[in-house]
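Going letter by letter, the sequence shown gives residues 1 to 1059 in the UniProt record's numbering. Glycine included, each C-beta is placed from N, C-alpha and C at the ideal position. What follows is a short report on a single structure.
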Amino acid sequence: MKKKTNHHLHHRNNRNSRSTTTNNNNNNSVLDILQGIIFCRRRRLHGQLLPFISAIGGCILFFFAIVSFLSPPINHHHVHRFGFYNHSSLDDEIDFRSNIGNTSTFLIPRAGGSLGDEIWRSTQSQSYHGCSQKSDNFQDADAKTNDSRFLMIVTSGGLNQQRTGITDAVVAAYILNSTLVVPKLDNKSYWKDQSNFSDIFDVDWFISYLSKDVKIVKEVPMIDGRSIHPYQMRIPRKCDPECYHSRALPILEKKKVLMLTKFDYRLANRLDTDLQKLRCRANYHALRYTDPIREMGEKLVERMRMKSKHFIALHLRFESDMLAFSGCYFGGGDKERQELEQIRTRWETLHKRDPDKERKLGRCPLTPEEVGLMLRALGYGEDVHIYVASGEVYGGENALSPLKQLFPNYHSKDTIATKEELAPFSPYSSRMAALDFIVCNASDVFVTNNNGNMAKMLAGRRRYFGYKPTITPNAKKLYRLFLDRGNMTWEEFASRVRTHQIGFMGRPNEALQGKGEFHEYPIACICEDLRVQIQNRSQLGQNQNQSEPYNHDVQANKHNRNESEIIVVKELQPNEGHNSQLGQNQNQSEPYNHDVQANKRNRNESEIIVVKELQPNEGHNSQLGQNQNQSEPYNHDVQANKRNRNESEIIVVKELQPNEGHNISYAQQMENKNETQVKELPIRNKNESNSGLEDLIKGRSILDGTLVINEILDWAKRSKNQMLIFKIDFEKAFDSLNWGFLDDILAQMGFGDRWRAWVRGCITTTRVSILVNGSPTKEFRMEKGVRHGDPLAPFLFILAMEGLYVAMKEAQLKGIFKGIHLDNVREEISILQYADDAIFLGDWTRRNVTNLIRILQCFHICSGLKINFLKSKLIGVNVHLEETKRMARRLNCKTGTLPFNYLGIPVGENMNKATSWKPIVEKFKSRLSKWKASTLSIGGRLCLCKSVLGSLGNYYFSLYKAPMKVINALESIRCKFFWGGNKEKKKICWIAWKEVINDKRNGGLGIGSLRALNLALLGKWWGRFFSESHSTWKDIIISRHGNLGGLLDPIRNSGAAGN
């Protein structure tokens, strides 16, 4: 029974298990069905969503594509482009790949090219030297200084800014006739240097060297046992001597001790020559560093010399403060912007600047990489040793790495001196800057990356001591070149860098007159040794291929001194050297002082001179004109073809400018080195009065011709004689002169062969280049003409025009042309000349007119000087107007009438009439219309009354006596302007005008009376009348008015049409 039961249970269990299995299988099949249904639904859902998702994704991608296309390109002005350099398999090149999006390759030569030693020096510079000796008119300190006045100075800024203040303080003390107290240095500026004057400069040497110029004491002495508290004030910037006298001197006289604070650039840039030379003596001689600084600086220089014969000093100026001050951005992201903006907050007066605009204007310093590329392009090879004068460079080693790869021989004071040696100086920024100053000054080439105070001081110092090469990057042109360098080869890049750097290489002919700070361009203190220069020229003529690579370009001409000066030479003794300039007795220690103020004494005048035949032992062994090399001593066209090969595309031709890279006084160089004797050339017969040329000849006036023609017109009108006046104008006179004709004229006048060869060498080697968008094309030779602005040109033009004078005289002698003859005048008057303006005078006959045209045509064929008939005028005196017009049509010229203007002054006008003076009155009024009297102070109006309104009528006043009605009208205009009135509004004149114009000693303001000025200028004719022995105008005056009686009558009524 039990077995049966168990068996039954087992059977039931098996059945249950089978049913369970069956159920499980059924469940699995259901799940599979459900999953299939779900997956099918999902697939159908996905099939419906996928197109929608794809459409959305495509729209998003299309949107980003449009945004990226429309977005502006990356501004590479800001990118701090540090390229990387890989040594190629070649041993003589460096492979450079720019990382600005272009794979163009630079193959930079390791060597410096074929320029050799010329990149380290300038052959021109050997003839220049500093000359700051005082003149005889300079008063010594003992005679000038008032011992009761003391001037104290507090400088500001860094070392070199303080140096400018110290230099100007010496001059300010001299101007104020006071004793200078040793200046105090600024200890509260950004640099926070606690050094005193005696810590940096040798005080005893400073005082002793300037002892004869300015009295200097270390401190203000006690007066009556007590110290005097100084009166403090700040003088305006660029204050001239009159400003010091008006602002500082009254206070100094009252307070006795005056302290001028923030004294930097507080003295005018342009001063009297003696004051400029005092500046130079103080800066370049009196300011000497202390012994410890000089000894350490000399050690640094000696160690650089031990490493290499030549080395470059680079004033990198890439510190954070400099970059912040410049307002430029160098691609460092927001971090850089925040850091530089934080530094800029230290200067409260700085305005926010646009980095892009600053870089385009060339006001941003170059990056270290860009400086290195510029130097390599200029020819300095990889083996060149470079000394970097800089503080902590912004960007650290990452910024310096490209420069070090370009110049592996990288040095600084930290690398060539130990920490122990620099320990006495390192806590003081001024003393560390002094060490850099010494090394940079002693370097063969100085490169500045920013025109800051140190760069200006060093540039001026290197010019003063012989124009040592000083390179200033032309950042305005180079910035675009650096952006595009990935699109050009190294040769193209280097060629363009050399082109852009012309005029920025520190050559003598790059000195700017009247531009820049005097500390940067001390032209007043630089003299030229002509003997050395002539010797260098001779050597250059023998070997053209050794000429300087950068001196020949047209762009350098813009920096030349455009001084139209002709040297007046009478007698040159063997021991005089070359100290005869402009007919003045110059200080022999300064024979060629090219100060800005010198322009005031330069006159376009020359004497007609001849040089006797030169002896064989006269110095120059290579005559100009003997062969090609010797006839072109001024031609520096060595690499013009190579330089200009990438600049042939002409877009806009702006100007045609001759190459005047050596625009110096050729007349000086033509003096004999040993015993040349110069005397007056008897071009004409001694009995002749030299009536032809009134221009550019010493002793004559521009008004001589005007006076002569006025007197002849008055004579013709009174005597009823018919006469012709033919006023001609030469077409491009200076540019058309035939060189062969000029040489024949020189030969006829007795000039020696060597002198003529010199002249040929000066004019036939002229080269010009067309400037296309600021870049010069290939230079080409000129075939005729003399250059405008060439100091020799006026002299040569006078000689050429002498041929026309001789032709007219020959025509008169043979009866071909009949001029004007006055009683008791030795010669007939037929021609009056002023430069290329000429007037012919003669009897009114058809024969005269016809023969005159024939003479002018012959002169044109011989000389190349062609008459411009469209500008020429024929005037008949006492001739019917219709007849004059008929004759003018025959000549194809214009018809003129009386009165007419000659050289800017009326001729044939009755100047007793007030209406004749209308141009002068209108000139006064038109000048006043440009000024706003109400916006000027009374001092400004006083200055304009003196300097401008007081001189506007001088040209007229020098020849004609003005009627009182005109004088009163002009004085009324000046009076109204002085008191602030105008046409619409009249101001009250509180003091009578005659009291205002009185001399200062008589209680006036020293404006001066126009009436008195008129009479004084007319009085000069009296002096000339008694001092000149033979002159045409004097003979005519005597002929018409007697020797003394009525001398002023023709001047009073010079063109009288009838009184």
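Delimiting residues of the alpha helix (DSSP H) encompassing residue i
i: residue 1074; result: Coverage of the chain is limited to positions 1 through 1059, which leaves residue 1074 absent and any answer about it impossible.
i: A389; result: Where A389 is concerned, there is no enclosing alpha helix (DSSP H), although the beta strand (DSSP E) it sits in stretches over H385 to A389.
i: D414; result: K413 to I416
i: F741; result: W739 to Q748
i: F900; result: No alpha helix (DSSP H) holds F900; the beta strand (DSSP E) holding it covers F900 to Y902.
i: G486; result: Taken as a continuous stretch (DSSP letters only), G486 belongs to no alpha helix (DSSP H), as it is neither H nor E.
i: Q161; result: L159 to I175
i: L713; result: L703 to S719
i: P522; result: No alpha helix (DSSP H) holds P522; DSSP gives it neither H nor E.
With 16 other Cβ atoms within 10 Å as the buried cut-off, status of residue i
i: M304; result: buried
i: A716; result: buried
i: P51; result: exposed
i: M808; result: buried
i: F1026; result: exposed
i: C975; result: buried
i: Q748; result: exposed
i: L258; result: buried
i: D264; result: buried
i: G842; result: buried
i: Q405; result: buried
i: T897; result: exposed
i: S495; result: buried
i: Q338; result: exposed
i: Q857; result: exposed
i: R485; result: buried
i: D186; result: buried
i: A423; result: exposed
i: L34; result: The pLDDT assigned to L34 is 47, lower than 50, so where the model puts this residue is not dependable; a value taken from the coordinates is nonetheless given after this. Answer is exposed; the Cβ neighbour count stays below 16.
Integer-rounded CB distance, given that residue j should sit under 8 Å from residue i
i: K254; j: A141; result: With 8 Å as the limit, K254 and A141 do not qualify as a contact, their Cβ atoms being about 23 Å apart.
i: residue 1060; j: K184; result: Residue 1060 cannot be examined here, being either before or after the span of the chain that is shown, 1 to 1059.
i: F741; j: S863; result: 5 Å
i: C440; j: H285; result: About 19 Å separates the two Cβ atoms, so there is no contact after all.
i: W917; j: V966; result: 4 Å
i: I875; j: F900; result: 7 Å
i: A377; j: F493; result: 6 Å
i: N851; j: A811; result: 7 Å
Residues that residue i bridges to, as DSSP identifies them
i: residue 1061; result: An answer regarding residue 1061 cannot be provided, because it is not within the stretch 1 to 1059 covered by the chain.
i: R781; result: R767
i: Y231; result: L258
i: I829; result: I820
i: L151; result: L180 and L258
Span of the beta strand (DSSP E) around residue i
i: F726; result: M723 to E731
i: S769; result: R767 to V772
i: Q342; result: Here Q342 belongs to no beta strand (DSSP E); instead the alpha helix (DSSP H) covers G333 to R344.
Residue i vs residue j beta-carbon contact at 8 Å
i: E802; j: I745; result: yes
i: L959; j: L799; result: no
i: N892; j: E731; result: no
i: E319; j: V393; result: yes
i: I386; j: N409; result: yes
i: K961; j: N998; result: no
i: E358; j: C364; result: yes
i: S1039; j: L822; result: yes
i: P473; j: L366; result: yes
i: D168; j: L300; result: no
i: Y464; j: C525; result: yes
i: C280; j: P522; result: yes
i: S430; j: L159; result: yes
i: N848; j: L724; result: yes
i: P469; j: G506; result: yes
i: H519; j: T915; result: no
i: P241; j: I175; result: yes
i: E528; j: S127; result: yes
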